[in-house]
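Visitor:
Numbering (this note's numbering), first residue to last: 15 to 272.
(1) Taking C-beta to C-beta, are residue 99 and residue 158 nearer than 8 Å?
(2) Considering only DSSP beta bridges, list what residue 185 is partnered with.
(3) Is it buried or exposed for residue 200, if we count other Cβ within 10 angstroms and need 16 for buried?
(4) Whose CA, out of 168, 55, 115, lies closest to the CA of residue 136?
(5) In the DSSP assignment, what are the bridge partners of residue 113?
(6) From what residue to what residue does the beta strand (DSSP E) around residue 266 run?
(7) Buried or exposed: residue 28, going by 16 or more other Cβ atoms within 10 Å of its Cβ?
(8) With DSSP collapsed to three states, give me the class of residue 122.
(9) Taking residue 81 as part of the alpha helix (DSSP H), name the residues at either end of that continuous run.
(10) Give the straight-line distance between the Cα atoms of residue 168 and residue 22, rounded to the nearest whole angstrom.
(11) How long is the line joining the alpha carbons of residue 164 and residue 154, rounded to whole angstroms?
(12) Looking only at DSSP bridge pairs, what is residue 168 linked to?
(13) So, at 8 Å on beta carbons, what are the nonlocal neighbours of residue 4 in its own chain, with the 5 sequence-adjacent residues on each side left out?
(14) Considering only the alpha carbon of each residue, which of 150, 217, 208, 134 lies closest to residue 191?
(15) Beta carbon of residue 211, beta carbon of residue 185: below 8 Å?
(16) What would DSSP say about residue 106, mapped onto helix, strand or coil?
(17) Between the C-alpha atoms of residue 148 and residue 259, what's the straight-line distance to the nearest angstrom?
(18) Are residue 66 and residue 26 close, meaning C-beta to C-beta below 8 Å?
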């Protein structure tokens, strides 16, 4: 039976695993390599790693870290953080990542998406869009996390990304990040309805039903989450978790989990 991919999104600060709320106040969660080992045992579909300081610090995500993940991970993984050039992408792919996630750098290097697609193929190139509601201006794109306002409309920019050849878009809601109150379904639906490439929902999932909502109501092709897979219980105790294959099949086929 078909079901969408379910992808833990893991944030890095330095070499530590952290979790944010609305892109602020990163909380240390633990060792990311240990998390990879647990997600291996839990048979996660794939993993996303985002270095939240890389662009602000004018560097790329650590190649040594990528190699260490590659040694441990039994699933595909993609990485983002400060990737600015084809040379960066070559090193990252050679280090073991299956996909690269571009964000801030493509606002400076307009040809990077297309150049990367021509070099590696569209399936290797993912673009992440950080979206936040701007007073009186609706939802707009931010870069450098949420430090710089671009003024760009996320739907129109998503169309541009598709035209450039990117294979996938991650829609990350700044307003919903870490709140565990659910995805921005309207945002996901609006973008999914305007592009034909896969759209991955990110930002706000707090329960398994949020995943199905993003797919069934937002038309997301895949779903990603951070807090949902690193926290447990009302006090947000740190516990790496991931639903079983059986749970996911039942969840996405409208069955009761028992």
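The beta-carbon is built from N, C-alpha and C at its ideal position, and this holds for glycine as well.
Guide: According to the structure data:
(1) In this structure, residue 158 does not lie closer than 8 Å to residue 99 by Cβ.
(2) According to DSSP, residue pairing for residue 185 in a beta bridge involves 143, 215.
(3) Result: exposed.
(4) The residue with the shortest Cα to Cα distance from residue 136 is 115.
(5) The partner list for residue 113 (beta bridge, DSSP) reads 92.
(6) Where residue 266 is concerned, there is no enclosing beta strand (DSSP E), although the alpha helix (DSSP H) around it starts and stops at 259-266.
(7) The residue is exposed, with fewer than 16 neighbouring Cβ atoms inside 10 Å.
(8) Here residue 122 carries a coil assignment [DSSP, helix/strand/coil].
(9) Note, residue 81: alpha helix (DSSP H), 77-86.
(10) If you take the alpha carbons of residue 168 and residue 22, they lie about 23 Å apart.
(11) So the two alpha carbons sit approximately 7 Å from each other.
(12) Paired residue(s): none; residue 168 is not in a bridge.
(13) What the structure shows of the chain is the stretch from 15 to 272, and residue 4 is not part of that stretch, so it cannot be assessed.
(14) Comparing Cα-Cα distances from residue 191 to each of 150, 217, 208, 134, the minimum goes to 217.
(15) Not closer than 8 Å, so no.
(16) Residue 106: helix per DSSP, three-state reduction.
(17) Approximately 39 Å between the Cα atoms of the pair.
(18) Taking C-beta atoms as the reference points, residue 66 and residue 26 count as a pair closer than 8 Å.
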